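**Q**
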Amino acid sequence: MLELNKINVFYGGIHALKDLSIHVNEGEVVTLIGSNGAGKTSMLKTISGIVKAKEGAIKYLDKDITGASASDIVKMGIAHVPEGRRVFANMSVMENLEMGAYIRTDKEGIKEDYEKIFERFPRLKERRTQMAGTLSGGEQQMLAMGRALMLRPKLILLDEPSMGLAPIMVDEIFSIIQDINKSGTTVLLVEQNANMALSIAHRAYVIQTGSIALEGNGCDLLNNENVKKTYLGG
């Protein structure tokens, strides 16, 4: 479904991604773990067209999207939930969800999807008229995910969805990610909570200073001694 082949990204003189190659198969949850500054967010921004690769190729559904604009990539069915949630703070919950559907014209389908979002996130239904900036961190994360799902994406990119959340909310968010995947959406997940991320992943990659250091299925990496020592506190 998605293939990154020898991607190189630079920020001025900083070489952020170095010959990075990964692939994501349709229907998978693929997790990328690594320490702060390893290049996880840069990779997601490059996929979604916010950052441009200097070298290498990105293919999505067998189409080269390396030079595509961020708006075109959204239209192709790739939704990006950024680090820090980035909800529209001065807009209501409902208005945020409407923004997620801004490229769609199927009014009945959009209406159906509002109901699906409210079924999946009952708290958002209760707060539909509330300003997004007044929600708790966990509720904002749910809203950011709900807004992305309003696109009806084939692939969803999640950047640190558990960051800054209480443990009980982390469990809920990861349960929702699994539910999204079971409903037919492919998930590429960047996450510092390596334990949780690997436990729900079909496959996973470990990134170190812009390069892939390890790859394997989620369960194998969860039990890998080096991964345990470096990322799982074991």
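Just so you know, we're using UniProt numbering here: the sequence shown kicks off at 1 and counts up by one. Even glycine gets a Cβ: it sits at the ideal position worked out from N, Cα and C. Everything numeric in this text was worked out from a predicted model, so none of it was measured.
Inspect the CB distances between the segment 225-234 and the segment 45-63 and report whether three or more fall short of 8 Å.
**A** Cβ pair count under 8 Å is below three, so no.
**Q** By alpha-carbon positions, which one of G137, C219, I156 ends up nearest to A197?
**A** Cα-wise, what sits closest to A197 is C219.
**Q** Which whole-angstrom value is the C-beta distance of T185 and P153, which I expect to be below 8 Å?
**A** Rounded, the Cβ-Cβ distance is 6 Å, consistent with contact.
**Q** Under 8 Å by Cβ, that's how I've got G146 and I180 pegged, so tell me the actual separation to the nearest angstrom.
**A** So it is not a contact: roughly 10 Å between Cβ atoms.
**Q** Return helix, strand or coil for G56, following the three-state DSSP convention.
**A** G56: strand per DSSP, three-state reduction.
**Q** Determine the burial state of I14: buried for a count of at least 16 other Cβ atoms within 10 Å of its Cβ, exposed for fewer.
**A** Label assigned to I14: exposed.
**Q** Threshold first: 3 residues or longer. Then list the beta strand (DSSP E) segments lying entirely within the segment 72-125, N to C.
**A** The qualifying runs are 78-81.
**Q** Whole angstroms is fine: what's the gap from A101's alpha carbon to V93's?
**A** So the two alpha carbons sit approximately 13 Å from each other.
**Q** Count the other CB atoms within 10 Å of the CB of E28; is the residue buried (16 or more) or exposed (fewer)?
**A** Buried, since its Cβ has 16 or more Cβ neighbours within 10 Å.
**Q** With R203 as the anchor, note down where its beta strand (DSSP E) starts and where it stops.
**A** Where R203 is concerned, the enclosing beta strand (DSSP E) stretches over 203-208.
**Q** Starting from the C-beta of M99, find all residues in its chain whose C-beta is less than 7 Å away, skip the five residues before and the five after it, and write them out in chain order.
**A** Taken in chain order, the residues that qualify are F88, R147.
**Q** Check whether the Cβ atoms of L158 and I78 sit closer than 8 Å, and answer yes or no.
**A** Result no, Cβ atoms of L158 and I78 do not sit closer than 8 Å.
**Q** If you drop the 5 nearest sequence neighbours on each side, which residues of the same chain put their C-beta closer than 8 Å to that of Q208?
**A** Closer than 8 Å at Cβ, skipping near neighbours: G34, S35, A38.
**Q** Using only the alpha-carbon positions, how far apart do P122 and D19 sit?
**A** Their backbone Cα atoms lie some 43 Å apart in a straight line.
**Q** Applying the 10 Å Cβ sphere with the 16-neighbour rule, what's the burial state of N193?
**A** Buried: at least 16 other Cβ atoms inside 10 Å.
**Q** In angstroms, rounded to a whole number, what distance separates the CA positions of S42 and L32?
**A** C-alpha separation (whole angstroms): 12 Å.
**Q** Does the Cβ of Q178 have 16 or more other Cβ atoms within 10 Å, making it buried, or fewer, making it exposed?
**A** It counts as exposed.
**Q** Determine the DSSP secondary structure at I33, reduced to helix, strand or coil.
**A** It is a strand residue.
**Q** Can you look up L44 in the DSSP assignment and give me helix, strand or coil?
**A** Correct three-state label for L44: helix.
**Q** Please work out which residues of its chain come closer than 6 Å, Cβ to Cβ, to G210, disregarding the five sequence neighbours upstream and downstream, and give them in chain order.
**A** The answer, listed in chain order, is A16, L17, K18, G39.
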